[in-house]
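Take the sequence shown: its position 60, counting from 1, is numbered 60 in full-length UniProt numbering, and each next residue is one higher. Reading through the structure tokens given below for one structure.
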Amino acid sequence: MKPILFDIDHLSHCYADGTIALRNLSLTIKQGKKIALLGNNGAGKSTLFLHLNGILQPTNGTIRFKGKEVAYDRKSLLSLRKQVGIVFQDPDSQLFSASVIQDISFGPQNLGLLKEEVLRKVEWAMEQTETTRFRDKPTHFLSLGQKKRVAIAGVLAMDPEVIILDEPTAGLDSYFSKQIMKVLDHIQKQGKTIILSTHDVNLAYQWADEIIVMHDGEILCHGDPVTVFERDKLIKKAHLDKPWVMETFQTLVQEKFLASSQTIPQSKEELFQKIRYSIEKIPYSS
Ligand SMILES: Nc1ncnc2c1ncn2[C@@H]1O[C@H](COP(=O)(O)OP(=O)(O)O)[C@@H](O)[C@H]1O
Ligand SMILES: [Mg+2]
């Protein structure tokens, strides 16, 4: 059993204007997992994330990190934020230095690391996000996708234990989306915990160990991708589509092109393999 990192108990959040963004939400997050948070606009994903590194405080309920209730004094917050890095949805709220390299260096510099260590982490983070070639460029001249990659590099360079990313692939083209997901996989294999929100059900289905579905400030369901997406009614309620791999597989089973006794594939490679196997077994006749 992996240790529990976050233990969220009956968390509610009400913004100053009276909007209730989180309603009595309970959730545990284990170490070393790849977790995708899904939910339509306004479901409360960003609000939940902002609680996980202490930017927002609960109106009600508690959040424990590694067994200790999150405290909001300067020292406790500093320690929490060293361990839990967050990449905001909007990179403009993250980037503030004159140049790309200054921006990415800011976090690790503030951790009190040696200069060479800072440089090593920054170079690595730039390589991973392919931002090295505009290292000296002013951040405000970058495109949205480039800014997002720089914001991700800034958090990677701090090397936190938990990386939270609010819609990291929104605004990125397919090449860079895949590239970012590859980087996240690589980091998770080193023992880090990755929590991201996304609108991309296909990405979440193939990538995640666990999926959390939010709707109107509540958690509708939390489980492995196949179990979550098998719940048709719930997926509809959350205004989500079914991942195409699962939908294609289920249609092929329904139309008796594939046997129903098989496990549901989680990637296109697995689906293609099942189709190939099924075709090879059926002798061609006509
Ligand atoms: N600063 C704020 N003040 C008031 N209401 C807010 C604020 N930020 C978000 N909200 C509201 O809280 C709800 C949840 O928003 P959010 O967490 O941003 O959802 P998501 O990230 O899932 O789109 C929405 O109804 C949104 O309008
Ligand atoms: Mg959001």
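Cβ atoms here follow ideal geometry from the backbone N, Cα and C, with glycine treated the same way.
* To do: Identify, in the order they occur along the chain, each residue of the same chain with its Cβ nearer than 7 Å to the Cβ of Tyr-277, setting aside the five sequence neighbours on each side.
  => Within the sequence shown, numbered from 1, the residue matching residue 277 stands at position 277. None.
* Distance cut 6 Å, beta-carbon to ligand 1 heavy atom: residue list by chain order -> Tyr-15, Asp-17, Thr-19, Ala-21, Gly-39, Asn-41, Gly-42, Ala-43, Gly-44, Lys-45, Ser-46 and Thr-47
* **Asp-73 Cβ short of 7 Å to ligand 2 heavy atom set** => Numbered from 1 along the sequence shown, position 73 holds the residue referred to as residue 73. No - ligand 2 has no heavy atom lying nearer than 7 Å to the Cβ of Asp-73.
* **Any non-hydrogen atom of ligand 2 closer than 7 Å to residue 287 Cβ** => Outside the modelled stretch of the chain, which goes from 1 to 286, sits residue 287, for which no answer is possible.
* Got a sec? Which residues, its chain only, sit under 8 Å from Ala-16 by beta carbon, not counting five neighbours each side? -> By one-based count along the sequence shown, residue 16 stands at place 16. Nothing listed; no residue qualifies.
* Asked: Are Ala-204 and Leu-48 closer than 8 Å when you measure CB to CB?
  -> Within the sequence shown, numbered from 1, the residue matching residue 204 stands at position 204. Within the sequence shown, numbered from 1, the residue matching residue 48 stands at position 48. In this structure, Ala-204 keeps its C-beta atom at 8 Å or more from the C-beta atom of Leu-48.
* **Opposing strand residues paired with Leu-27 [DSSP bridges]** => Numbered from its first residue, the sequence shown carries residue 27 at position 27. According to DSSP, which records beta bridges pairwise, Leu-27 is partnered with Ile-8.
* Asked: Would you call the CB atoms of Gln-273 and Val-183 closer than 8 Å?
  -> The residue given as residue 273 occupies position 273 in the sequence shown. The residue given as residue 183 occupies position 183 in the sequence shown. In this structure, Val-183 does not lie closer than 8 Å to Gln-273 by Cβ.
* Take Asp-224 as the anchor and find which of Asp-92, Ser-97, Trp-207 and Lys-236 has the nearest alpha-carbon. => To locate residue 224, count along the sequence shown from 1; it is residue 224. Considering only alpha carbons, the answer is Trp-207.
* **Same chain, Cβ closer than 6 Å to Ile-194, five either side skipped, listed in chain order** => The residue you call residue 194 lines up with position 194 of the sequence shown. So the qualifying residues of the chain are Lys-34, Ile-163, Leu-184 and Gln-188.
* Asked: Which same chain residues, not among the five before or five after Ile-101, have their C-beta less than 6 Å away from its C-beta?
  -> Residue 101 sits at position 101 when you count from the first residue of the sequence shown. Here the set comprises Arg-135.
* May I ask whether a heavy atom of ligand 2 can be found less than 7 Å away from the beta carbon of Gln-109? => The sequence position of residue 109 within the sequence shown is 109, counting from 1. Incorrect: Gln-109 has no Cβ contact closer than 7 Å to ligand 2.
* Asked: Going by other Cβ atoms of all chains shown within 10 Å of its Cβ, with 16 needed for buried, is Glu-255 buried or exposed?
  -> As a working mapping, residue 255 is identified with position 255 in the sequence shown. Per the 10 Å Cβ criterion, exposed.
* Asked: Are there three or more Cβ pairs, one per stretch, closer than 8 Å when the segment 72-87 is compared with the segment 13-29?
  -> no
* Taking the Cβ atom as the reference point for each residue, do Met-1 and Gly-85 lie within a distance shorter than 8 Å? -> For the purposes of this step, residue 1 is taken as residue 1 along the sequence shown, with counting starting at 1. For the purposes of this step, residue 85 is taken as residue 85 along the sequence shown, with counting starting at 1. Not in contact: Met-1 and Gly-85 (Cβ atoms no closer than 8 Å).
* Asked: Whole beta strand (DSSP E) runs in the segment 88-164 with 3 or more residues, listed along the chain?
  -> Taking only runs of at least 3 residues, no beta strand (DSSP E) segment lies wholly in the segment 88-164.
* So what's His-51 in DSSP terms, helix, strand or just coil? -> For the purposes of this step, residue 51 is identified with residue 51 of the sequence shown, where counting begins at 1. His-51: helix per DSSP, three-state reduction.
* Check Phe-229 in the structure and name its three-state DSSP category. => Taking the first residue of the sequence shown as position 1, residue 229 is located at position 229. For Phe-229, the secondary structure class from DSSP, reduced to helix, strand or coil, is helix.
* To do: Please find out if some non-hydrogen atom of ligand 2 comes closer than 7 Å to the beta-carbon of Asp-166.
  => By 1-based counting over the sequence shown, the position of residue 166 is 166. Asp-166: yes, Cβ under 7 Å from ligand 2.
* Around the Cβ of Asp-241, are there at least 16 other Cβ atoms within 10 angstroms (buried) or fewer (exposed)? -> Counted from its first residue, the sequence shown places residue 241 at position 241. Looking at its Cβ environment, which holds fewer than 16 other Cβ atoms inside 10 Å, Asp-241 is exposed.
* Kindly indicate which three-state DSSP category Ile-86 falls into: helix, strand or coil? => Indexing the sequence shown from 1 puts residue 86 at position 86. It is a strand residue.
* Beta carbon of residue 290, beta carbon of Leu-95: below 8 Å? -> The structure shown does not extend to residue 290, since the chain spans only 1 to 286, so no value can be given for it.
* Start and end of the alpha helix (DSSP H) containing Leu-271? -> In the sequence shown, residue 271 corresponds to position 271, counting from 1. Note, Leu-271: alpha helix (DSSP H), 268-281.
* Asked: With contact counted as at least three CB pairs below 8 Å, one residue from each stretch, are the segment 261-273 and the segment 232-247 in contact?
  -> yes
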